[in-house]
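Okay, structure first, notes after.
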Amino acid sequence: MTDVAIGAGSRGHLRTIGLALAGFGLFSASDAVMKVMAGGYPLPQTVFFNSLFALLPIVGFALWSGGLNRLGTRRPGLHLLRSALGLTTGYAGYFAFARMPMADVYAILFTAPLVITLLSALLFGERVDGRRWAAVLIGFAGVLVMNRPSADGLLNVGALGAMLCALSYAASALIIRHKGQTEHPLTFPFYVNLLTLPVMGGLLPGAYVPLAASDLAVMALGGVLSGVALTCLLTAFRNAPSPVIAPFQYSQILWGVLFGVVLFGDWPEPKLAVGLLLVVGSGLYLLRREARDTGA
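Position 139 of the sequence shown, counted from 1, bears residue number 139 in UniProt numbering, the numbering being contiguous throughout.
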């Protein structure tokens, strides 16, 4: 198979890190496309077309790297559960992007490592020491700094969508970690996007807005970017330990600020920097502890 090889030494790691940075950047570009389209089309419609066109590079990568047999599975129940969580992740995330600046959404999504730590203790009985619990609490305090509750005690509805996105993503990641070892990595994004089509398609009657050819092209671009991003990240995570690659997800905040300012005129507020420092610092600490525990 053709792959981005990781050889001995720093050169291989640099190539893989570059691939990961490209993947995270392409995901941000796809998110920006979805945010643009959210202004004129129902969310189920934009999610439907995003998943439809995301399948093209995923299937193409499967053919290129060994054949469609890589997409086969012996655990349909696992993929049904994972797809339900993946659909929730995508829908809640795009719901948040439609209502908040991109950088603000990413800042909340960066709590995923904190949620993974929390759920791993509650659901799988994994040992979490006091320092990790402190990191989790500090990270969630950062979310409150960035999204101060209103006078009636309620968070912004977009922030709630982003928090649901982070929660479902974390649950999905834990399922893959504990139950998905026998499945090829390509099967997870393939079945998520495949099963998204009938669910979102079922919501379209009565809500469908006719697509201009130019808008269809933009939606297709967003989906293809998402699919290519997935293949980049799958390759990167296959060739380097997760604790090496995962911290580079925080590069998305730079893309979020750039796209937010250029495309939407969303300048970040000072409170974002304060909250982001708490969230990212906590996440990096947890990733560092994971790397130490696993010897990565």
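Think of the CB as a built atom: it goes at the ideal place given N, C-alpha and C, for glycine as much as any other residue.
Problem set entry | Cβ shell of Leu26 (< 6 Å), same chain only, five flanking positions each side left out | Leu225, Val228 and Ala229
Problem set entry | Pair within 8 Å by beta-carbon distance, Val145 and Lys35 | no
Problem set entry | Proximal residues to Trp267 (C-beta, below 7 Å), its chain only, five neighbours per side dropped | Val261
Exercise. Straight-line CA distance for Pro76 to His184?
Worked result: 13 Å
Exercise. According to DSSP, is Gln249 helix, strand or coil?
Worked result: helix
For this session: Measure how close the beta-carbons of Leu287 and Pro243 come, nearest whole angstrom, since I'm counting them as under 8 Å.
Result: 5 Å
Exercise. Do Ser30 and Gly158 have their C-beta atoms within less than 8 Å of each other?
Worked result: no
For this session: Ignoring anything shorter than 4 residues or poking outside the UniProt domain "EamA" (17-147), list the alpha helix (DSSP H) runs there in chain order.
Result: 43-64, 76-97, 102-109, 112-124 and 130-146
Exercise. Are the region 117-125 and the region 169-179 touching by the rule of at least three beta carbon pairs closer than 8 Å?
Worked result: yes
Exercise. In three-state terms, what does DSSP make of Asn193?
Worked result: helix
For this session: Please go through the same chain and pick out, in chain order, the residues whose beta-carbon is closer than 7 Å to the beta-carbon of Pro113, but skip the five residues on each side of it.
Result: Gly283, Leu286 and Leu287
Problem set entry | First through last residue of the alpha helix (DSSP H) which encompasses Asp215 | Ala213 to Asn239
For this session: Identify the continuous alpha helix (DSSP H) that holds Leu203 and give its terminal residues.
Result: It is not in any alpha helix (DSSP H) - Leu203 carries neither H nor E in the DSSP assignment.
Exercise. Given 8 Å as the limit, is there contact between the region 244-256 and the region 204-212, that is, 3 or more CB pairs closer than that?
Worked result: no
Problem set entry | Phe188 versus Ile17, Gly161 and Leu234, residue with shortest Cα-Cα distance | Leu234
Exercise. By how many angstroms is the C-alpha of Met102 removed from the C-alpha of Ala141?
Worked result: 20 Å
Exercise. Taking 8 Å as the CB-CB cut-off, is Ala217 touching chain E?
Worked result: No chain E appears in this structure, which consists of one protein chain only.
For this session: Return the CA-CA distance between Leu43 and Phe97, expressed in angstroms with no decimal places.
Result: 11 Å
Problem set entry | Contact under 8 Å by Cβ, Ala111 with Val274 | It should be noted that the sequence gives Thr, not Ala, for residue 111. Against a cut-off of 8 Å, the Cβ pair of Val274 and Thr111 comes out as no contact.
Exercise. Within this structure, are the beta carbons of Ala220 and Phe53 separated by less than 8 Å?
Worked result: yes
For this session: State yes or no: is the C-beta of Leu71 within less than 8 Å of the C-beta of Ala62?
Result: yes
Exercise. Is it right to say Ala217 is buried, meaning 16 or more other beta carbons lie within 10 angstroms of its own, or is it exposed?
Worked result: exposed
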